[in-house]
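Asker: Residue numbers (UniProt numbering), protein chains in the order written: chain A, 1 to 106; chain B, 1 to 247; chain C, 1 to 121. I'd like to ask some things about the structure below.
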């Protein structure tokens with residue numbers, strides 16, 4: 001949250017500065033009576049940098065994705081260390097071959 | 001492309017920016033005011049019970065494949081039989097939502113508060129915008145449009161020679177009204193995501209939903225479901241594992 | 001017994017195990033993921049609108065830019081999901097399409113806003 005938020009604020013500030021310098025640039029062009037063809041290089045760099053920062057912010061601020069699979073680690077209702085009493089070390093599952101191809105099929 | 005208009009920078013500083021900022025601030029203010037006005041009502045026991053019942057029925061429908069046919073039939077009977085099934089609503093007992101609203105003054109009060117907190121700031125803002133900012137060319141869309149949009153975008157300017165992509169102050173207000181929803185949902189949280197147009201539609205169409213209709217729909221859903229037990233394959237799977245073990 | 005009954009009937013019905021995978025997932029976590037996708041999209045479309053406005057894109061170019069931003073956002077979301085979409089979402093469309101049109105209005109508004117502030121006066 002912290003890092004992403006700061007990145008977003010920085011990106012916004014960069015945008016503000018880019019907007020300001022573009023306005024200045026437009027004003028200068030108006031005085032020199034030239035046509036506007038594109039923003040100056042430093043503005044472009046600023047915009048790209050700001051966008052990258054905002055990208056980081058936009059992806060980091062909403063928080064992590066949670067796994068939707070019922071058998072993933074974080075979705076366990078009971079985690080192993082909390083009920084050591086029920087740990088079984090010797091059972092027939094140890095003998096059965098581990099086969100990832102075997103899946104729950106309908 | 002039509003020749004560019006030369007606009008005074010003062011229009012930017014005193015029309016475009018303040019108008020947008022005020023729109024955002026009013027949105028925030030309205031959110032907090034409606035939050036203050038919202039009365040916390042204790043939910044009716046019957047309504048809660050029906051909601052939980054629908055949840056349970058939905059769970060049965062979603063995960064019915066994991067229990068044997070016999071158990072599933074028993075549960076289905078429990079929910080949907082015609083005598084005392086939980087989801088079965090006798091005819092005539094279905095309550096008219098309108099009547100329910102009038103019998104419960106709290107609900108009408110709540111509705112009125114909600115509408116007031118929506119209408120008052122909106123009409124005030126509109127009056128304010130109308131008073132100060134009508135008749136300006138305030139903005140220009142960066143993409144061309146067909147002339148059909150003229151009445152929408154140049155509300156308040158009666159010049160047919162101005163290019164359509166120029167937007168009058170009053171129309172800029174409307175654009176903001178509809179376009180700021182994304183920003184509000186970012187800064188105020190999801191529950192504000194419903195924008196004014198949706199709210200208006202909701203206001204027009206019916207007061208609340210009929211809970212018995214939900215029950216009936218859920219009952220039909222359970223009745224219609226084809227039960228197929230998914231676990232018989234488990235035996236074959238176990239057999240496969242054991243065969244591999246024996247080998 | 002019901003167990004054997006249905007075993008027989010289903011083995012009659014379908015000979016091989018050609019059924020599709022069962023779809024079981026946490027609805028709340030899915031909701032949460034979709035919410036965070038929506039948040040990211042909206043934020044990025046607003047910021048993209050500001051960039052497009054300052055840069056001075058007009059006409060079709062701006063909409064192309066929006067497409068580009070959404071593509072980049074999809075990539076970013078994909079990277080955030082550690083490239084295993086199945087772990088976090090029930091379909092690919094969630095990452096690629098969700099919130100696409102919702103962000104368009106915000107994009108256009110902020111594009112217009114930034115463009116007007118910077119370029120037309």
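We put the beta carbon where it would ideally sit given N, CA and C, even for glycine.
To the nearest whole angstrom, what separates the beta carbons of residue 37 of chain C and residue 77 of chain C, a pair I think is in contact under 8 Å?
Answerer: So it is a contact: roughly 6 Å between Cβ atoms.
Asker: For the putative contact between residue 253 of chain B and residue 188 of chain B, defined by C-beta atoms under 8 Å, what is the C-beta separation to the nearest angstrom?
Answerer: Absent from the model: residue 253 of chain B. The displayed extent of chain B is 1 to 247, so no value can be given.
Asker: Compute the Euclidean distance between the alpha carbons of residue 86 of chain C and residue 149 of chain B, then round it to the nearest angstrom.
Answerer: Each residue's alpha carbon lies about 44 Å from the other.
Asker: In the DSSP assignment, what are the bridge partners of residue 166 of chain B?
Answerer: Answer is B:140, bridged to residue 166 of chain B.
Asker: Spatial neighbours of residue 125 of chain B within its chain, please: CB distance less than 8 Å, with the 5 preceding and 5 following residues excluded, ordered by chain position.
Answerer: Here the set comprises 22, 23, 26 and 173.
Asker: Does the separation of the CB atoms of residue 17 of chain B and residue 133 of chain B fall below 8 Å?
Answerer: No, the pair does not count as a contact, with Cβ atoms beyond the cut-off.
Asker: What residue range is occupied by the uninterrupted alpha helix (DSSP H) comprising residue 31 of chain A?
Answerer: Looking at the DSSP string, the run of the alpha helix (DSSP H) that includes residue 31 of chain A is 2-32.
Asker: Classify residue 90 of chain A as buried or exposed, calling it buried when 16 or more other Cβ atoms lie within 10 Å of its own Cβ.
Answerer: It counts as exposed.
Asker: For residue 7 of chain B, which residues of its own chain have a beta-carbon under 7 Å away from its beta-carbon, when the five flanking residues on both sides are left out?
Answerer: Once the five neighbours on either side are set aside, the close Cβ partners of residue 7 of chain B are 137.
Asker: Verify the CB distance criterion: does residue 92 of chain C have a CB-CB separation below 8 Å to chain B?
Answerer: No, residue 92 of chain C lies away from the interface with chain B (no Cβ there is under 8 Å from its Cβ).
Asker: Quick check: the stretch 29-47 of chain A against the stretch 62-72 of chain C, are there 3 or more CB pairs under 8 Å?
Answerer: The stretch 29-47 of chain A is not in contact with the stretch 62-72 of chain C.
Asker: Is the shortest distance between the beta-carbon of residue 76 of chain C and the beta-carbons of chain B less than 8 Å?
Answerer: It does not: the Cβ of residue 76 of chain C has no partner Cβ on chain B nearer than 8 Å.
Asker: Which value, in whole angstroms, describes the spacing of the CA atoms of residue 53 of chain B and residue 183 of chain B?
Answerer: Roughly 37 Å between the two C-alpha positions.
Asker: Among C:96, C:54 and C:89, which has the Cα closest to the Cα of residue 25 of chain A?
Answerer: Residue C:54 is the option with its Cα nearest to residue 25 of chain A.
Asker: Would you say residue 115 of chain C lies against chain A (beta-carbon separation less than 8 Å)?
Answerer: Chain A, which has no Cβ nearer than 8 Å to the Cβ of residue 115 of chain C, makes this no.
Asker: Kindly indicate which three-state DSSP category residue 180 of chain B falls into: helix, strand or coil?
Answerer: In this structure, residue 180 of chain B counts as coil in the three-state DSSP scheme.
Asker: Using the beta-carbon of each residue, which ones in chain B are nearer than 7 Å to residue 57 of chain C?
Answerer: Within 7 Å Cβ-Cβ: 142.
Asker: Is residue 235 of chain B helix, strand or coil when you go by DSSP?
Answerer: Residue 235 of chain B falls in the helix class under three-state DSSP.
Asker: What residues from chain B crowd round residue 62 of chain C, counting only those whose CB sits closer than 7 Å?
Answerer: Correct list: 142 and 143.
Asker: Would you say residue 23 of chain A reaches chain C, if we count a Cβ-Cβ gap shorter than 8 Å as a contact?
Answerer: With 8 Å as the cut-off, residue 23 of chain A counts as an interface residue toward chain C.
Asker: Is there a C-beta anywhere in chain C that falls below 8 Å from the one on residue 40 of chain A?
Answerer: Judged by the 8 Å Cβ criterion, residue 40 of chain A is not in contact with chain C.
Asker: Return the chain-ordered list of same chain residues with a C-beta closer than 6 Å to the C-beta of residue 219 of chain B, the five sequence neighbours on each side being excluded.
Answerer: Closer than 6 Å at Cβ, skipping near neighbours: 80 and 87.
Asker: Would you mind reading off the limits of the alpha helix (DSSP H) that contains residue 90 of chain A?
Answerer: Where residue 90 of chain A is concerned, there is no enclosing alpha helix (DSSP H), given that its DSSP letter is neither H nor E.
Asker: With a threshold of 8 Å between beta-carbons, can residue 88 of chain A be considered close to chain C, or not?
Answerer: Taking Cβ atoms only, chain C never reaches closer than 8 Å to residue 88 of chain A, which makes this a no.
Asker: I need the straight-line Cα distance from residue 57 of chain A to residue 7 of chain A, nearest angstrom please.
Answerer: One C-alpha to the other measures close to 6 Å.
Asker: How close, in whole Å, do the beta carbons of residue 222 of chain B and residue 30 of chain B come, if the pair is a contact with beta carbons under 8 Å?
Answerer: The Cβ separation is near 42 Å, so there is no contact.
Asker: What did DSSP end up calling residue 115 of chain C once you bin it into helix, strand or coil?
Answerer: Helix.
Asker: Taking its Cβ as the centre, do 16 or more other Cβ atoms sit within 10 Å of residue 64 of chain A, making it buried, or is it exposed?
Answerer: Per the 10 Å Cβ criterion, exposed.
Asker: State buried or exposed for residue 147 of chain B, treating a residue as buried only when at least 16 other CB atoms are found within 10 Å of its CB.
Answerer: Exposed, because fewer than 16 other Cβ atoms sit within 10 Å of the Cβ of residue 147 of chain B.
Asker: If you measure from the beta carbon of residue 110 of chain C to each beta carbon in chain A, is any gap under 8 Å?
Answerer: It does not; no Cβ of chain A falls within 8 Å.
Asker: For residue 109 of chain C versus residue 176 of chain B, is the C-beta spacing smaller than 8 Å?
Answerer: Yes.
Asker: Using the Cβ count rule (16 or more neighbours within 10 Å means buried), how would you classify residue 84 of chain C?
Answerer: Result: exposed.
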